[in-house]
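Here the structure comes first, spelled out in structure tokens, and everything after it is commentary.
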Amino acid sequence: MKRILPVMLLFALLASACAPGATPTAAPATAAPAATSVPTTAPTATAAPATLTVFAAASLTGSFGDIGKAFEAAHPGVTVKFSFAGSQALRTQIEQGAPADVFASADHKNMDPLVTENLVASGADQDFATNLLQVILPPNNPANIQTLQDLARPGIKLIFEDSSVPAGNYTRQILTNMSKDPAYGTDFSTKVLANVVSNETDVKEVVAKVDQGEGDAGIVYVTDASAQSDLKTISIPASYNVIARYPVAALEKAPNPDLAKAFVAYVLSADGQAIMKKWGFSPAQ
Numbered sequence: 006m007k008r009i010l011p012v013m014l015l016f017a018l019l020a021s022a023c024a025p026g027a028t029p030t031a032a033p034a035t036a037a038p039a040a041t042s043v044p045t046t047a048p049t050a051t052a053a054p055a056t057l058t059v060f061a062a063a064s065l066t067g068s069f070g071d072i073g074k075a076f077e078a079a080h081p082g083v084t085v086k087f088s089f090a091g092s093q094a095l096r097t098q099i100e101q102g103a104p105a106d107v108f109a110s111a112d113h114k115n116m117d118p119l120v121t122e123n124l125v126a127s128g129a130d131q132d133f134a135t136n137l138l139q140v141i142l143p144p145n146n147p148a149n150i151q152t153l154q155d156l157a158r159p160g161i162k163l164i165f166e167d168s169s170v171p172a173g174n175y176t177r178q179i180l181t182n183m184s185k186d187p188a189y190g191t192d193f194s195t196k197v198l199a200n201v202v203s204n205e206t207d208v209k210e211v212v213a214k215v216d217q218g219e220g221d222a223g224i225v226y227v228t229d230a231s232a233q234s235d236l237k238t239i240s241i242p243a244s245y246n247v248i249a250r251y252p253v254a255a256l257e258k259a260p261n262p263d264l265a266k267a268f269v270a271y272v273l274s275a276d277g278q279a280i281m282k283k284w285g286f287s288p289a290q
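In my numbering, the protein residues as written are 6 to 290.
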């Protein structure tokens with residue numbers, strides 16, 4: 006008996022050691038933090054509001070107005086502010102320090118000096134459109150002008166752009182070309198210019214005054230003539246006409262240089278060129 010007891014005690018201890026452990030009691034549940042709502046798609050980044058200032062030739066009023074709206078739609082937060090005037094006036098403002106991001110001129114005569122003056126980076130200007138000119142007449146044509154020769158008739162009242170305005174400069178080149186043709190005579194330009202009663206600072210003013218009957222005729226861009234549908238027109242043959250080339254550039258001191266370059270790129274893009282075509286401009290040559 007004395008031997009049996011220790012053996013039994015040993016077996017009891019071994020059995021206790023081999024028994025399965027107790028299941029731990031779960032810790033009291035604590036409220037989980039409220040889940041943060043995560044959008045399934047990343048939100049569209051909204052750019053900080055910015056104003057892009059574009060100086061553009063008056064003849065670009067309609068086309069650039071449309072381009073500005075399209076550019077704003079593609080760049081949320083950006084507002085495009087235009088200043089339309091004669092290219093010569095805009096060039097002077099830029100030279101005098103007017104804050105602007107982009108300059109679009111109706112000729113190189115007013116763009117090239119800005120390159121020389123380092124106000125436009127060398128090689129940064131690019132042609133984006135071309136245009137031609139034609140004669141416009143009031144809707145009722147009171148002077149009964151039927152041909153280009155009639156512009157030299159004594160007593161005719163003509164309204165042109167000033168010679169400092171691109172369209173006015175082109176007009177005088179056209180008259181010089183016509184004076185080289187015996188059909189018009191060497192004094193044709195002199196006779197026509199003698200009939201000028203007003204020299205305007207931009208092409209839009211010529212259109213408005215002729216349309217209102219303040220003059221018997223004027224010479225403007227084809228695009229401006231077609232935009233004023235009630236005007237009568239006389240085409241100028243290609244042999245005399247002048248191709249107006251329009252350059253555009255981001256300015257060296259642009260307050261928004263990246264946006265300025267983006268705007269120029271849009272003007273040159275297929276979408277921008279489609280808008281220019283809609284307004285009657287031809288591609289750059």
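Yeah, the Cβ is synthetic: ideal placement off N, Cα and C, and Gly gets one too.
In this text the structure is predicted, and so the values were computed from the model without any measurement.
query                                                                                                                                                             : result
Determine the burial state of proline 252: buried for a count of at least 16 other Cβ atoms within 10 Å of its Cβ, exposed for fewer.                             : buried
How many Å lie between leucine 163 and proline 81 at the Cα?                                                                                                      : 46 Å
Based on Cα-Cα distance, which residue from Pro262, Asn204, Lys86, Thr121 lies nearest to valine 170?                                                             : Asn204
On a Cα-Cα basis, can you pick out the residue from Val225, Val247, Arg250, Tyr245 that is closest to threonine 238?                                              : Val225
Assuming serine 88 is part of the beta strand (DSSP E), what are its boundary residues?                                                                           : 83-90
What span of residues does the alpha helix (DSSP H) with valine 212 cover, start to end?                                                                          : 208-216
Using a 10 Å radius around the Cβ and a threshold of 16 neighbouring Cβ atoms, would you call threonine 56 buried or exposed?                                     : exposed
With aspartate 229 and serine 64 assumed to form a contact (beta carbons below 8 Å), what rounded beta-carbon distance in angstroms separates them?               : 6 Å
Which value, in whole angstroms, describes the spacing of the CA atoms of alanine 78 and glycine 102?                                                             : 29 Å
For the structure I just gave you, are there three or more beta carbon pairs, one from the segment 172-179 and one from the segment 124-134, closer than 8 Å?     : no
Exposed or buried, which one is glycine 218 when buried takes at least 16 other CB atoms within 10 Å?                                                             : exposed
With a threshold of 16 other CB atoms inside 10 Å of the CB of glutamate 166, please say whether the residue is buried or exposed.                                : buried
For the pair the segment 247-267 and the segment 144-159, tell me if three or more CB-CB distances fall below 8 Å.                                                : no
On a CA-only basis, which of Gln178, Ala265, Gly190 is nearest valine 83? Give me that one, please.                                                               : Ala265
So the candidates are Pro242, Asp221, Phe60, Gln98; which of them puts its Cα closest to the Cα of alanine 111?                                                   : Phe60
Please list the segments of the beta strand (DSSP E) lying wholly inside the segment 196-281, counting only runs of 3 or more residues, in order along the chain. : 201-205, 222-226, 237-240, 249-255
Sort Arg250, Ala134, Lys86 by Cα distance to leucine 299 and report the nearest one.                                                                              : Missing from the structure shown is residue 299; the chain here goes from 6 to 290 and no further.
Can you tell me where the alpha helix (DSSP H) holding alanine 79 begins and where it ends?                                                                       : 66-79
If I follow the unbroken alpha helix (DSSP H) through asparagine 182, where does it start and stop?                                                               : 171-184
Is DSSP giving aspartate 106 helix, strand or coil here?                                                                                                          : coil
Compute the distance between the beta-carbons of asparagine 136 and valine 269, then report whether it is under 9 Å.                                              : no
Using only CA atoms, which one of Ala53, Ile241, Asn182, Gly67 lies nearest to phenylalanine 286?                                                                 : Gly67
Where does serine 127 sit, in a helix, a strand or coil, going by DSSP?                                                                                           : coil
What do you reckon, are the CB atoms on isoleucine 241 and glutamine 98 nearer than 9 Å?                                                                          : no
Go ahead and pull the three-state DSSP assignment for aspartate 167.                                                                                              : coil
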